Structures are given as structure tokens and as C-alpha cells.
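2 protein chains.
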Amino acid sequence: MARLVLHQTHHTLADFDSIAEYLKVSMNGEGLHLFPELFLTGYPLQDLCLQHAFIDSYENHFGRLNDWLKSLPKKESCRGLVPGLHYERETNGLPKKIENVIYEAVPGTGFRKIYTKRLLPNYDIFDEQKYFVPGKGNCFYEFQGNLLGLHICEDMWTSSFHQLDPLDLMFNEMRENNLPVKMLVNLSASPFDAAKNHKRIDRAKNISLKFKCPFLYLNRVGGEDEILFDGSSFVIAGNELTLQMKSFEKGVESVDLPSIKGNYAEVPVFHPENSWEGLFSPQLETKKSPAELKTWSDEECALILKALCFGLQEYAGKSGFRKFLVALSGGLDSALVLALVKLALKPGQDVEAIYMPSIHSAILSTQLCEEMCRRIKVPLRHLPIKFLHSTVKNAFTQTFTEKFEGLTDENVQSRLRGMLLYTRSNQTGAMVINTSNKSELAVGYSTQYGDSVGAISLLGDLYKTEVYRLARYVNEKHGDLIPDGIISRGPSAELRQNQLDQDSLPPYERLDPMLEGILSYRLGKKELSGLGFGEEEILKTLNLYLKSEYKRAQFCPIIKIKAKSFGFGYRIPISKNLKYHL
Amino acid sequence: MARLVLHQTHHTLADFDSIAEYLKVSMNGEGLHLFPELFLTGYPLQDLCLQHAFIDSYENHFGRLNDWLKSLPKKESCRGLVPGLHYERETNGLPKKIENVIYEAVPGTGFRKIYTKRLLPNYDIFDEQKYFVPGKGNCFYEFQGNLLGLHICEDMWTSSFHQLDPLDLMFNEMRENNLPVKMLVNLSASPFDAAKNHKRIDRAKNISLKFKCPFLYLNRVGGEDEILFDGSSFVIAGNELTLQMKSFEKGVESVDLPSIKGNYAEVPVFHPENSWEGLFSPQLETKKSPAELKTWSDEECALILKALCFGLQEYAGKSGFRKFLVALSGGLDSALVLALVKLALKPGQDVEAIYMPSIHSAILSTQLCEEMCRRIKVPLRHLPIKFLHSTVKNAFTQTFTEKFEGLTDENVQSRLRGMLLYTRSNQTGAMVINTSNKSELAVGYSTQYGDSVGAISLLGDLYKTEVYRLARYVNEKHGDLIPDGIISRGPSAELRQNQLDQDSLPPYERLDPMLEGILSYRLGKKELSGLGFGEEEILKTLNLYLKSEYKRAQFCPIIKIKAKSFGFGYRIPISKNLKYHL
Chain A
1 MARLVLHQTH
11 HTLADFDSIA
21 EYLKVSMNGE
31 GLHLFPELFL
41 TGYPLQDLCL
51 QHAFIDSYEN
61 HFGRLNDWLK
71 SLPKKESCRG
81 LVPGLHYERE
91 TNGLPKKIEN
101 VIYEAVPGTG
111 FRKIYTKRLL
121 PNYDIFDEQK
131 YFVPGKGNCF
141 YEFQGNLLGL
151 HICEDMWTSS
161 FHQLDPLDLM
171 FNEMRENNLP
181 VKMLVNLSAS
191 PFDAAKNHKR
201 IDRAKNISLK
211 FKCPFLYLNR
221 VGGEDEILFD
231 GSSFVIAGNE
241 LTLQMKSFEK
251 GVESVDLPSI
261 KGNYAEVPVF
271 HPENSWEGLF
281 SPQLETKKSP
291 AELKTWSDEE
301 CALILKALCF
311 GLQEYAGKSG
321 FRKFLVALSG
331 GLDSALVLAL
341 VKLALKPGQD
351 VEAIYMPSIH
361 SAILSTQLCE
371 EMCRRIKVPL
381 RHLPIKFLHS
391 TVKNAFTQTF
401 TEKFEGLTDE
411 NVQSRLRGML
421 LYTRSNQTGA
431 MVINTSNKSE
441 LAVGYSTQYG
451 DSVGAISLLG
461 DLYKTEVYRL
471 ARYVNEKHGD
481 LIPDGIISRG
491 PSAELRQNQL
501 DQDSLPPYER
511 LDPMLEGILS
521 YRLGKKELSG
531 LGFGEEEILK
541 TLNLYLKSEY
551 KRAQFCPIIK
561 IKAKSFGFGY
571 RIPISKNLKY
581 HL
Chain B
1001 MARLVLHQTH
1011 HTLADFDSIA
1021 EYLKVSMNGE
1031 GLHLFPELFL
1041 TGYPLQDLCL
1051 QHAFIDSYEN
1061 HFGRLNDWLK
1071 SLPKKESCRG
1081 LVPGLHYERE
1091 TNGLPKKIEN
1101 VIYEAVPGTG
1111 FRKIYTKRLL
1121 PNYDIFDEQK
1131 YFVPGKGNCF
1141 YEFQGNLLGL
1151 HICEDMWTSS
1161 FHQLDPLDLM
1171 FNEMRENNLP
1181 VKMLVNLSAS
1191 PFDAAKNHKR
1201 IDRAKNISLK
1211 FKCPFLYLNR
1221 VGGEDEILFD
1231 GSSFVIAGNE
1241 LTLQMKSFEK
1251 GVESVDLPSI
1261 KGNYAEVPVF
1271 HPENSWEGLF
1281 SPQLETKKSP
1291 AELKTWSDEE
1301 CALILKALCF
1311 GLQEYAGKSG
1321 FRKFLVALSG
1331 GLDSALVLAL
1341 VKLALKPGQD
1351 VEAIYMPSIH
1361 SAILSTQLCE
1371 EMCRRIKVPL
1381 RHLPIKFLHS
1391 TVKNAFTQTF
1401 TEKFEGLTDE
1411 NVQSRLRGML
1421 LYTRSNQTGA
1431 MVINTSNKSE
1441 LAVGYSTQYG
1451 DSVGAISLLG
1461 DLYKTEVYRL
1471 ARYVNEKHGD
1481 LIPDGIISRG
1491 PSAELRQNQL
1501 DQDSLPPYER
1511 LDPMLEGILS
1521 YRLGKKELSG
1531 LGFGEEEILK
1541 TLNLYLKSEY
1551 KRAQFCPIIK
1561 IKAKSFGFGY
1571 RIPISKNLKY
1581 HL
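Listed in order, the protein sequences are those of chains A and B. End of the first sequence sits at 582 in our numbering; the numbers just go up one at a time, nothing left out. End of the second sequence sits at 1582 in our numbering; the numbers just go up one at a time, nothing left out.
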């Protein structure tokens, strides 16, 4: 019997001591121990993997582990497949060649490099071709008489824009040499998006049917700035999911290879993915006219909620924060952010809300903030900005001849709030949580250094209509944390009398699908028009989107829950001629 | 006689109308017309080149130019080498394959793709492997009986980390087939750094000597957010520079091929470049102990000055600004920024300075700001923050039990200034110019949303000691714009009584070379110690650097004047275990 042990691990980037400790403890047990992609270092490392100190620390760590492995008694019943980096260095110590590899760990012998990742993703948030050199051969690995086909992450995701298909290459070698492959094993560090688990399982099912053997998928857990790794490791045999591990929780599971039975009679259906769109597509219902955003199911909402809470804790934990601070406005975005932070809190952590009304804040806003904080038992502090606002206005009126009105008078309120919020943050050591949503970010409907401030953004990957959806879900499942009045009132920035978002923007149920078309499907005016939108709303949206690039360029990290998000993987020049798009 | 016309062009990204107009006018003349890399689109496009609207607009533009070329009378004496993109598209219109190519433009016939760039740079600010597919063959192009060897940009920069050497491949084909190559032509879009022109010429000299024919280098002019293109096109024959075009100015020059004489007897010396360091190295004098920063020569200072003024104008022009706003503190950074803006001004533009003293501002600061503005004839506005500061302090004291002191009391002053500065910017429509320097950015010695605000940073790629150097240069060459008192006083943030930078930081003449070692040479503790620095100052510097990543992540674009800068090409995770470095 061959036992495979799946280590769905969770470590901080470059936390070599914890990683070594974990490996030592886990390799005590019998079986073939599997670890996720780049287990020995963490992922994504970006330029860290080019630094002298990183490389030295890593190689020391690797060398110590290798010595420890050598010092163990030989033991046939225990092996590890341990992914890590492999360096060739120049004479000056800097890297000449870096490979993303799998090491076989053998007690009594040490590490042996057995496979180098062949497909290096280089789209969107991925920059692997910047750092790594691809491998060339297939890897069949034998453990206790069972032959396994090994891959790393992207190797299973071949599509038309990769110039190589590692699965096909492995399949052909298996056929030609009549190799009795018992299982495919994919060791991954695969970023989360709310629609991805489904996609992974569909893909794995097809691969399992094609190879007529079970497929094992192991993924890491972690939050690296904006990018989350959800784990969600699984084993699939034909059409049957025989193991599914949890999302966003580390864990260990084992499977006994000969006992996994599957029905491999079905013919696999590989959907040929379009080069770019296939990666970013699932959000738009294009059969309706105008197109609509897909609505998240309860299950997907639960996953998004878990992802946001996890991502917040990861960032806070690694930055050393135990307190959070949210500016409550009486509107929905800040209310949902506060509810999410409250749901995410661990023992010993707390959150505080600040309400900073101006002369334009409705009494209803005050009442709703107070009601919300009573319900969820969060202290609410009042810091009115009326006096500061008039003080600034007076100073300007006395100093300058220009009028103090319009956008000047609106933005100053937002920036006074940003300043007060960060002053409070300095005073208590709390982390400021940003409250912008993706619609707002996409059209620049926020004040730079004002309501756009924050250490991290929870809603920056959710359109406004999705903020509504998630708020309702939170209220259903967690007992009406957010007062109905907040959900039902019309959205307003409250920077002038009777201001409503809808005075400046298309209605969100039309704006959001247009934005999704622009961002995820790379659509322009012509294609949006083909999806049933009117010329006026398209031009308004494109115009706002194109002119607000500079605001997004200075925005905080956004917890990524979609395939296409603002942030590291979104690379659009600020300066360009806009006419091509209009 | 074969005439080659070098078009050192300057167009905004995707400004297809201007680009087409320029091509039409220039192709009127006789000769072989040469244009820089991606002339037809601009560079770098990043994700723009994946969008439906961009591709459609580009292909229309290309098609119209092609029709226009076809409609011309046939003419043997006129050809163009016109770099642009070449798309293969999926059925849904999105790109399947994009190539960075040279088209031959033939009057009476149209465009013909003759070469695809072979080396796609993918390090630092370059992401070309994300978008483009490399070409496979050499390109020898004949014009009026003269054979030319063609390359695009990076093709001439092979080093050990590229797995291909286009120069060698061309050289071998030339040798094997005994091809009478008369000139090498490199069409580039090569980002500026202050040490690069020298490097380009050295390289070109060696290539010219190796091939025993002249080398022509054509580069574009432009400022794309942080990245500048300086033009500086040239022709070199053996050791002799036979043509040198201006930096940061568009222009047209021509050379007659048979008339370029060179001495090719010398043996070329190719310095084998290290994979990474060779790209980023020139700033540190490592023979001294401790290592020192190289001092910019007068010529280099002139170039940096030109680059900063050019970059400012590019960004402002493309964003539609005609007014500038600088917060003057009485310190050197803001004084130099104001002087630079003043020197950069074009007719119809103006700049205003604001001085926002707090209770900790020395009387000397006020006097120096006033003196500076008198000298350079810039209006100075006084907006004291004393009253706002005490108002905020009172509000906090009344609302919260925590003390209002230390960092809280310091940062609030800086953030009040950020708020006032942007309020004034809203009022006048002026662009706020950031005043941070590279040393400050590297150690996080600034207040987020306070003194770190701005639309663009002029000094963000200059260490503090380089700020001194450039200030002195500006004063020497442009008549003492900056009062001596500003240059000679000790740097201070003036956020508490008698505060000096040197209370918190190592002296700049030691800090700056350590930072350059960390950033450009990727050095760690061990290597810095080897350069003669002490453990205490190294640890202090590394600690400050590692903990301030989150501030840099929200910083504005920095005009890039070095090979290694903060910004788009600097990719370091915010969250990581810091122990590996300390």
C-alpha cells in the first residue's frame, strides 16, 4: 500500500525557520509527503529571489535541511516531494539561473532535484519568466512500486498562448513507453479567485479521464499582500471527487493510492481556452441585453466572505496590527467593511469606528451609524469636521482670491477625514481599513488622500452591486449586522447638499457590467454597444475610467477575489492618447 | 549614394493621428527613412496592447497607412523601415500572438513585415515576454545596393541571462555567406538613465569593430509616466562617433552611407555582463572603504536636469496641467523642486509656492522661503497650520483618552499640509509636485498622505547627497536660485522642537551608499559589511528599509533617471518574514 500525505501548508514568505521545522516534523511519518509549489521559500517572491541575503539565507536553510536528511536512518517507507528553488550562481553570488523545482527528500541521503516547472505563467499578476528558467523533461516518479506523473501548478493549465503542452508531452511518453502511471500529482501555489475552484476541478476531471488515473492537486494557503492562496486541495478519480480539503485553512490529509477507485469510461471534454479571455471571463451574463453581472450564489458569497476575512488577517498579522479602524459614513460600503472586520476579529483584537460628519451629513447618517455600532457592539467615536472645514474655508478665503466652492469645497471634507482617521490610527496603533469599492475605483469616484486612504482594501475587487449582494448575504447568515436603512438608502458621498451617486454616474446595475466588460474582457465602445449598452452611458463610463488611472496608481493593496482585479496584475499606462478608446 | 534618414520622433502613446501624419510627411523625401522601435504605436504599452479598442484603432491606422502607401507612385529611391506591432488574432478579436516588428514601407506597394525582435527584455521595468512572441531569423535588408543588418533595441544587449545572442547569429550568417554588410542598424525605444549613453556608445563601438562596419542607433523621445526616452541617437564607425543627436529633443538627421569612414583595426572588448548586476551597477565606488556614491559630473548633472524638466513637462502635458504647486518648507528638497519647476516652465505656465509653518517651524525657515521666492520670482503663499493643528489636538483631547503626542502630533502636521496643498490644487487646477528624495523613500522617512503626496516626483530617484550635488550645480549654472542658507542648514522635518534628520538616520554620506548597495546591487548585511560599513548602521538602515515597503507601494510615479529606481520596475512584496535579511 502506498500512502500519499497532502500537506496543505501555510507559511510566511521567507520564514525559513518555520518551514524547516514543519518539514522535519512531517517527514517523521510514513508515506510519500507532498508539499505545495515553492514550499521551501513561499510564493510569489518577486525580486526577493534575486537578493544576496535572500539567496544566502535560502541556501543555508536548504543546506541544513539536506544535512538533517542525510543524518536520518535510511527508510524506504518515507519520502518527500519538496518544491523549492534551485539556483545556479555567478561568481559574484548573484543568480545566473533560477529554477522552480521539485526535490525528492530521501532520509539517509538528502535532496535530489527531480523536476523543473515547464510552463512559467507570465500574464496578469504572474511574472515568472522574469525570474525562472523553464524545465525540459517530463517527470515520472516511483514510490513503492507506484508510478506517479509530476507537475507544478501552471503545467496543468496549457492553453493556446503557451507554446508547450506539458500534459500532452507526458501523455505521449506514457503511451509510447507503455508506462503504468497510477496517479498524476500537481503541486501548486495557485492564487484564489471566487470562481476558480470549480474551474480547477473541471480541468482536473478531464485530465484524470484522459490519463485514466486519479489526479491529486495540492495547493498552499496564504495571503501575500493582495494575493490569496486558498488551499482547497483535492483528489479526483474520473468524475469523482474523492478528497476535498478546506479553503483558507492549513491541514494534512492522506490517501492510500491503490484504494482510489474511479470510472474512467467517460470521454474528457477540454474546452479550448482563448489566449486571454479564458483566464478572466466568468463574470458577465452576455445573453441578456444589456449584459448583466453574474450574481454570486450563497456558496460563493460564503467563500468571498471567508477570503476577505482571511486576507485581512494575513496582512494585519504580517504587519503586526491587532487593532483596526474604520471610518463609518452611514453608507453601505463602510458599513459592510465594518461588519467584515468584526466578523474577522480574533481574540485579543478589536475594531473601532469613527464617524466624521460634515455640514452635509444627514441626521439619518448619524442615526444609522449609531444603530449599526450598537448592533455589532463596536465603539463609535464622533469627530465632526464642521469646525475644521469652516476653519480651512476661512483661511483660504482670507489668503486667496479664488472662490472656495465646488470640488474644492467637496474634496477638503474628504481629506480632512483622511487626516483625522490617520491621526487616530497613529494614536491607537490601529490599521486603517479602506472602504472603496471596485466601481468607485474604476471611475475615480473618490478623493485622493481622502476617502481613498487605507492600509488595505477589502471591497476594492467588488462592484457596488456586489457590495449590496454581499451585505444582504452577511445579514442573512450573521443576523442583520447592517441596518436595513443603510442598505436601502440611495448611495451618496454627502459632500454637498442632496448629492447622490446617480447624479454623476450611470446606475450601478448598468455601470458594473460595463466596467466588467472593460476590465475583464478588455472591451471597447464597439463591443459594449454590442452587449446592449447605449452610446451615452458607454462614453461616460469610458471617459471616467480612462481619466482616473492616476488615482488607482496610488491606491492601497486590494484583496484579490477575482481573476481580473486592480492592483499588481493591472498594468495600464497613466499617460496616453485617450482618443483611441473613445 | 544611399541616404539614411534618422527620425528621432516624439509622440504620445496611441496618438495614431499624429503618428500617421508624421509618417506621411517624412516619407515624401528621398532615402531610407528610419523610425524608432514601435514607432506606429508608442512604447511601453503594457496591457493597452491587449484591448479590443486599442487593437482595432491600431489596425485601422495601419490599414489606412498601408492604403496610402499603395496609392503612391512607385519610387525606388524612397523606403521606410517602420517599427510597429504585428497581431495574429483569435476569432473573438483578442490577440493570439503579438510581435514587435519592423515593416518595410514601399511607395506603391505597402507595408511588408521584414523582422521580428528576437530578444524580449523581461527584467526590471520590462515585461515584454508578457506580451510579445520573439522572432527567429536574422534580417539583412538591401537598400540601393547596400546591405544593412537590422536589429530592434534589446537585440544588441545580449548578456549571459539571455539564452540567445542575435549579434552572434547575425555575425555567423554574415561570415558563412560572405555577406557584404555595410552597416548595422538598431531601432530602439530605450529608457533613459543618466549613465546609459556612455554604455550604449561603448557597446556600439565594440559591435562596430566586430562587424567592421558603422553602427547606427536610433532611439525615440518621450516621457511615459516614470519612464523617459532620451533619443540621443548616434552613428559610430569603429571608434569614431560620426553623428550624435540631441537628448530629449525630437529631430531629423541624415547620413550618406558610403561616406562614413571608420578605422576597424582595433580588437573589440566585450565586457561579459553579469546577469543582473551589469544592468544596474554604475553608482558605487567600491574601492573606498566605506564605499561611496559616485559623484555626478557637471555633464551628468546637466543631463539629469534636462531629464527632470522634460519628464515633468511630459507628464503635465499629457495630464493637461499648465500650473504647478510646490510646498516649500525652508529645506533643500522642496527648494530644489521649486527651482527645477521654475527652470522647466514654458510660456503660459506658472508655478506657485506655499509655505505652511507650524509651531515648530524656525523663523529662519520663513526667511529662507521668502528669500528663495523673491530670487526666482515665484509667488509665495503663507498658510500657517498652527491653528488647525491646535484645533485637531483639542478635538482629540476632548474626544479620546489617549495622549496626543509623539508621532501622532508630528504626523498630523504633515497631513494637514497635504490636505491644504491639495485643497489649493483643487482651487487653482495646479499639479502638486512631490518633494521626497530617494533616501527618504528608501527608509520611509516621510508621512503617508502628508509630505509624501503629489502627482509626480522629481527627486524620488536622487539620494539626499545627490540632491545637494544637483542643487549646487543648479546654483552654479543658473545663478544662485537657491539661497546658500537652505543648502548649508542641517536637514530637518521640523515636526518637533530641534528635530534633525541625523537624530533618526545614519549620516547621508553613509546612508546613501548603503541604500544604493541594497537597491542596485541587491546587497545584504554581509556584503555591506564587506564594503566597510558598521553593523549598527547597516542594521538600522535595513530595518528602516524593510519596514517601509507599504509607504512606497502608495507613492506617486517617480521620474526615473537611474538604472534601478523605485516604481514599476521595483517589485518587492510588502509582507514577508524580515529575519532572512537581518
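Beta carbons: idealized from backbone N, C-alpha and C, even for Gly. Predicted model, so just to flag it, every value in this text is computed and none were measured.
Chain order gives no chain B residues near HIS360(A), where near means a beta carbon separation below 8 Å; the closest approach is about 17 Å. Just measuring C-alpha positions, the residue of PRO384(A), ARG374(A), VAL341(A) and SER254(A) sitting nearest SER361(A) is PRO384(A). By the Cβ neighbour-count rule, HIS1271(B) is exposed, with fewer than 16 other Cβ atoms within 10 Å of its own.
Taking 8 Å as the upper bound on Cβ-Cβ separation, chain B lies near residues GLY42, PRO44, LEU45, GLN46, ASP47, LEU48, LEU50, GLN51, HIS52, ALA53, PHE54, ASP56, SER57 and TYR58 of the stretch 35 to 67 of chain A.
With respect to ILE55(A), TYR87(A) sits close: the two C-beta atoms are nearer than 8 Å.
At a C-beta separation below 8 Å, ASN1100(B) has no neighbours in chain A, since its nearest C-beta there lies roughly 16 Å away. According to the DSSP assignment, PHE126(A) belongs to no alpha helix (DSSP H), since it is labelled neither H nor E.
The Cβ of SER1319(B) sits closer than 8 Å to at least one Cβ of chain A.
Assigned with DSSP and collapsed to three states, LEU420(A) falls in helix. Annotation for CYS1049(B): LEU1085, ILE1098 and TYR1131 place their beta carbon closer than 7 Å to its own, counting only its chain and skipping 5 residues before and after. Residue ranges of uninterrupted alpha helix (DSSP H) with 4 or more members, entirely inside the stretch 238 to 297 of chain A and ordered along the chain, are 277 to 280. Between the stretch 1430 to 1450 of chain B and the stretch 1404 to 1416 of chain B there are three or more inter-stretch CB-CB distances shorter than 8 Å, so the stretches are counted as touching. DSSP places CYS301(A) in the helix class (H, G or I) of the three-state scheme. GLU104(A) and GLU1516(B) have their C-alpha atoms roughly 39 Å apart. Taking CB atoms only, LEU416(A) has a neighbour in chain B less than 8 Å away. Residues of the same chain with a CB within less than 7 Å of the CB of LEU1388(B), apart from the 5 flanking positions on each side, are LEU1416 in chain order. For the pair GLY569(A) and ASP127(A), the Cα-to-Cα distance works out to about 9 Å. The C-beta distance from LEU531(A) to ILE304(A) rounds to 25 Å, too long to meet the 8 Å contact threshold. With respect to the 8 Å criterion, LEU1458(B) and LEU1544(B) are not classified as neighbours on the basis of their beta carbons.
Boundaries of the beta strand (DSSP E) around LEU218(A): 215 to 219.
Interface with chain B (8 Å Cβ-Cβ cutoff): SER390(A) is excluded.
Considering only beta carbons, the part of the stretch 1542 to 1559 of chain B lying closer than 8 Å to chain A consists of TYR1550, ALA1553, GLN1554, PHE1555, CYS1556 and PRO1557, in chain order. ILE433(A) has a beta carbon lying at 8 Å or more from every beta carbon in chain B.
With a threshold of 16 other beta carbon atoms within 10 Å, MET419(A) meets it and is buried. Among the residues facing chain B, TYR22(A) is not included, as its CB has no counterpart in that chain under 8 Å away. Annotation: the continuous beta strand (DSSP E) that includes GLU1352(B) extends over 1350 to 1355. Close partners of VAL1453(B) in chain A (Cβ separation under 7 Å): TYR449. Between the alpha carbons of LEU40(A) and THR1408(B) lies a gap of roughly 40 Å. Taking 8 Å as the cut-off, the beta carbon of VAL1337(B) is found no closer than this to the beta carbon of ILE1487(B). Against LYS1346(B), chain A offers no close residue; the least beta-carbon distance is about 17 Å (beta-carbon pairs closer than 7 Å). By the C-beta density criterion, PRO507(A) is exposed, having fewer than 16 other C-beta atoms within 10 angstroms.
In the same chain as TYR422(A), and ignoring 5 residues on each side of it, the C-beta atoms closer than 8 Å to its own belong to VAL432 and VAL453, in chain order. Among the residues of chain A, none has a CB under 7 Å from the CB of LYS1386(B); the nearest is roughly 11 Å distant.
Counting only the Cα atoms, THR242(A) lies some 9 Å from VAL255(A). Here GLN1008(B) carries a strand assignment [DSSP, helix/strand/coil].
When the alpha-carbon of PHE1035(B) is set against those of LEU1013(B), HIS1007(B) and SER1018(B), the nearest one is in HIS1007(B).
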